[in-house]
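Colleague: There's a structure below that I have some questions on.
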Amino acid sequence: MNKEQREFLEQYLATLTPTERDAVPEAIAEYFCADEYNANECARLINQGIKRASCSLKAGYDAEQEPLPKVGRLSVVLNWAQEPVCIIKLKDISICPFNEVTPEFAALEGEGDLTYLWWRNAHMAFFTKYAASLGVEFNESSDLVLEHFEKVYPR
Numbered sequence: 053m054n055k056e057q058r059e060f061l062e063q064y065l066a067t068l069t070p071t072e073r074d075a076v077p078e079a080i081a082e083y084f085c086a087d088e089y090n091a092n093e094c095a096r097l098i099n100q101g102i103k104r105a106s107c108s109l110k111a112g113y114d115a116e117q118e119p120l121p122k123v124g125r126l127s128v129v130l131n132w133a134q135e136p137v138c139i140i141k142l143k144d145i146s147i148c149p150f151n152e153v154t155p156e157f158a159a160l161e162g163e164g165d166l167t168y169l170w171w172r173n174a175h176m177a178f179f180t181k182y183a184a185s186l187g188v189e190f191n192e193s194s195d196l197v198l199e200h201f202e203k204v205y206p207r
């Protein structure tokens, strides 16, 4: 986290009680998606309260030997230029096969035309390409990490 991102996080943390601050398991800074247009679009959708969920390929965590996020984690949402846009708090995390993701979850992602078909096609293409970069196969039963979050700052 750079200085600007850290200061943004500190502004939010200053609004919390000591007990609330102590309950934060971790704080990170990140952008969503893998390209400039989508990173900026996701940051905008999150900041507007439209995007309230996200998913990732579990094989990515496995390949990087990275632990899954913890409920309560704060994320400083960045645009592509690494500038802080807002802060979100992770409310729930679960593992789900791609072919069992619900239309309700897809709508919470807030992307595209908000339909399940759009979500499915866009994520099938993205995860197929991403899995290939990891040297693994992506298919309908591949596990995803589903995250539900809420924007907490600025209000």
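Plus 52 on top of the position in the sequence shown (first one is 1) and you've got our numbering. Even glycine gets a Cβ: it sits at the ideal position worked out from N, Cα and C.
Taking the alpha carbon of Trp132 as the reference point, which residue from Leu97, Cys85, Pro155 and Lys141 has its own alpha carbon closest?
Modeller: Here the closest residue by C-alpha is Cys85.
Colleague: Kindly indicate the opening and closing residues of the alpha helix (DSSP H) around Pro136.
Modeller: No alpha helix (DSSP H) holds Pro136; the beta strand (DSSP E) holding it covers Pro136 to Pro149.
Colleague: How many Å lie between Pro70 and Val76 at the Cα?
Modeller: Between Pro70 and Val76, the C-alpha separation is close to 10 Å.
Colleague: Please report the residue range of the beta strand (DSSP E) in which Glu82 lies.
Modeller: Note, Glu82: beta strand (DSSP E), Ala79 to Glu82.
Colleague: With DSSP run on the structure shown, which of helix, strand or coil describes Glu48?
Modeller: A question about residue 48 goes unanswered here, because the residues of the chain that appear run from 53 up to 207.
Colleague: Kindly indicate which residue of Ala111, Tyr182, Ile140 and Asn151 has the alpha-carbon position closest to the one of Ile102.
Modeller: Minimum Cα distance to Ile102 is reached at Ile140.
Colleague: Would Leu196 and Leu109 qualify as a contact pair, given that the criterion is a beta-carbon distance under 8 Å?
Modeller: Contact flag set, yes.
Colleague: Only counting the same chain, and skipping five residues up and downstream in sequence, which positions put a Cβ closer than 8 Å to that of Ala183?
Modeller: Within the same chain, Ala183 has close Cβ partners Leu109, Ala111, Glu189, Phe190 and Ser194.
Colleague: Tell me which residues share the same chain as Ala174 and place their Cβ nearer than 8 Å to its Cβ, disregarding the 5 neighbours each side in the sequence.
Modeller: Excluding sequence neighbours, Ala174 sits near Glu163 and Gly164.
Colleague: With distances taken Cα to Cα, identify the nearest neighbour of Asn90 among Pro149, Arg207 and Leu130.
Modeller: Residue Leu130 is the option with its Cα nearest to Asn90.
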